[in-house]
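My numbering puts the first residue of the sequence shown at 563, with every later residue one more than the last. By construction, the Cβ of each residue, glycine as well, lies at the ideal position given by its N, Cα and C atoms. Below: one structure, written as structure tokens.
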Amino acid sequence: MKTSRGFTLIETMIVMTIIALLAALAYPGYQGFVVKARRAEAQAALLDLMQKQERYYTQHNRYLAFAAGQDGADQEHVKWWSGSSAQSSAYELRGKPCAGQEIARCIIIEAIPGTDRVDTTFRDGECQTLTLNSAGEHTASGSAAGCWP
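Next comes the structure, spelled out in structure tokens:
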């Protein structure tokens with residue numbers, strides 16, 4: 563009597579098909595999780611940066627406009643990316659005066675996804691650019707509701 567060991571080609575192909583099907587179903591959910599996690603990172607960076615702007619305001623009686631690549635003594639203390647390094651960050655941060663106001667009175671900080679200075683492959687199609695101003699108002703340029711908790 564002959565005993566065979568191992569798997570047949572058909573059995574192996576069935577297992578591979580099941581694994582591919584499960585991976586195809588799980589990937590979109592994983593991508594959504596990654597976008598939400600990076601968005602939360604940007605929101606935390608915006609809140610932290612606004613706290614630093616408020617401290618700067620108490621010392622200098624104005625806010626500090628900033629953007630990547632700007633020079634100045636105060637600019638070196640401002641982090642213009644959302645993550646641990648610029649290359650791995652999903653959002654570029656910029657600070658500018660609120661519309662129709664001077665920087666001494668109001669600042670709006672933007673978190674812009676996937677620019678040339680950060681991870682260019684990242685996209686946030688739902689919320690797009692996140693903003694926070696010195697009055698505490700937070701918005702998103704995208705059409706989705708619930709971009710901010």
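Residue i, enclosing beta strand (DSSP E) - first and last residue
{"i": "residue 601", "result": "Note, residue 601: premise wrong, no beta strand (DSSP E); alpha helix (DSSP H) at 571–622."}
{"i": "residue 659", "result": "653–659"}
{"i": "residue 674", "result": "669–675"}
{"i": "residue 626", "result": "Element bounds for residue 626: n/a, residue is neither H nor E."}
{"i": "residue 639", "result": "Premise fails: residue 639 is in no beta strand (DSSP E) and is neither H nor E."}
{"i": "residue 683", "result": "Careful: residue 683 lies outside any beta strand (DSSP E) and carries neither H nor E."}
{"i": "residue 565", "result": "Where residue 565 is concerned, there is no enclosing beta strand (DSSP E), given that its DSSP letter is neither H nor E."}
Burial state of residue i (16 or more Cβ within 10 Å)
{"i": "residue 657", "result": "buried"}
{"i": "residue 600", "result": "buried"}
{"i": "residue 589", "result": "exposed"}
{"i": "residue 654", "result": "buried"}
{"i": "residue 583", "result": "exposed"}
{"i": "residue 673", "result": "buried"}
Chain-order list of residues whose beta-carbon lies under 7 angstroms from that of residue i (same chain, five-residue window excluded)
{"i": "residue 685", "result": "675, 676"}
Closer than 8 angstroms to chain E by CB, residue i
{"i": "residue 709", "result": "Note that chain E does not occur in the displayed structure, where there is just one protein chain."}
Alpha-carbon spacing of residue i relative to residue j, whole angstroms
{"i": "residue 644", "j": "residue 707", "result": "22 angstroms"}
{"i": "residue 628", "j": "residue 580", "result": "51 angstroms"}
{"i": "residue 603", "j": "residue 652", "result": "9 angstroms"}
{"i": "residue 671", "j": "residue 615", "result": "10 angstroms"}
{"i": "residue 605", "j": "residue 710", "result": "8 angstroms"}
{"i": "residue 636", "j": "residue 587", "result": "48 angstroms"}
{"i": "residue 609", "j": "residue 694", "result": "8 angstroms"}
{"i": "residue 613", "j": "residue 688", "result": "26 angstroms"}
{"i": "residue 680", "j": "residue 648", "result": "5 angstroms"}
{"i": "residue 593", "j": "residue 585", "result": "12 angstroms"}
{"i": "residue 640", "j": "residue 611", "result": "8 angstroms"}
{"i": "residue 567", "j": "residue 595", "result": "42 angstroms"}
Sequence-distant residues of the same chain with beta carbon closer than 6 angstroms to residue i, five excluded per side
{"i": "residue 703", "result": "690, 691"}
{"i": "residue 696", "result": "668, 669"}
Close Cβ partners of residue i (< 8 angstroms) along its chain, the five nearest in sequence each way excluded
{"i": "residue 682", "result": "676"}
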